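Taking it in order: structure first as structure tokens, then the write-up.
Residue numbers (my numbering): 17 to 168.
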């Protein structure tokens, strides 16, 4: 999985899986929202747990699937030395309830850096909360070398 960057957005490659099979996807972030195209339908939202189809495609939230992607996320040690890192993301979205919303949304993040793995899982898919839990596991004074999307 790779990442492409431009001044206004980032694109992460990953996988979408559901009962019908799997397909490669691109997840795009402009810093305020995320979007992806699955089987020809564009899904957009203020965060990963809020991805919805465009109104012309029913406007329903994404449900009954799993999305996986990796994000390069270097870590700065307390002394300022940069350490390469990769944030592996797994978003599990439960089956749709009668109103179309998913029964559950679970997000699992794992940061691989410096030969260690730092994990965090949250119900509800709150990306910032999960990332904050990982940050608190890093050695004292360490921080992420860059900001990720604010709205995820």
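We treat Cβ as the ideally placed atom computed from N, Cα and C, and that holds for glycine.
Quick caveat: nothing in here was measured; it's all calculated off a predicted structure.
DSSP state of residue i mapped onto helix, strand, coil
{"i": "residue 21", "result": "Its pLDDT being 40, under 50, residue 21 is placed unreliably in this model, and the value from its coordinates should be taken loosely. Reduced to three states, the DSSP call for residue 21 is strand."}
{"i": "residue 163", "result": "coil"}
{"i": "residue 36", "result": "coil"}
{"i": "residue 168", "result": "With a pLDDT of 45 at residue 168, under the threshold of 50, the predicted position of this residue should be treated as unreliable, and no value is reported."}
Selected residue, minimal CA-CA separation from residue i, among the options
{"i": "residue 25", "options": "129, 127, 43, 128", "result": "43"}
{"i": "residue 72", "options": "48, 83, 86, 56", "result": "56"}
{"i": "residue 58", "options": "74, 98, 37", "result": "74"}
{"i": "residue 145", "options": "85, 123, 77, 157", "result": "123"}
{"i": "residue 161", "options": "127, 28, 79, 70", "result": "127"}
{"i": "residue 34", "options": "64, 99, 85, 110", "result": "110"}
{"i": "residue 65", "options": "30, 31, 156, 107", "result": "107"}
{"i": "residue 100", "options": "29, 129, 140, 85", "result": "129"}
{"i": "residue 131", "options": "68, 40, 102, 27", "result": "102"}
{"i": "residue 81", "options": "97, 60, 38, 87", "result": "38"}
{"i": "residue 105", "options": "163, 136, 76", "result": "136"}
{"i": "residue 163", "options": "48, 60, 139, 29", "result": "48"}
Whole runs of the beta strand (DSSP E) within the segment 38–76, excluding any shorter than 3 residues = 50–54, 57–61
Return the chain-ordered ranges of every alpha helix (DSSP H) run that is complete within the segment 76–160 and spans a minimum of 4 residues.
-> 143–153
Is the segment 147–159 in contact with the segment 112–120, if contact means three or more CB pairs nearer than 8 Å?
-> no
Can at least three beta-carbon pairs, one atom from the segment 44–62 and one from the segment 92–102, be found at a separation below 8 Å?
-> no
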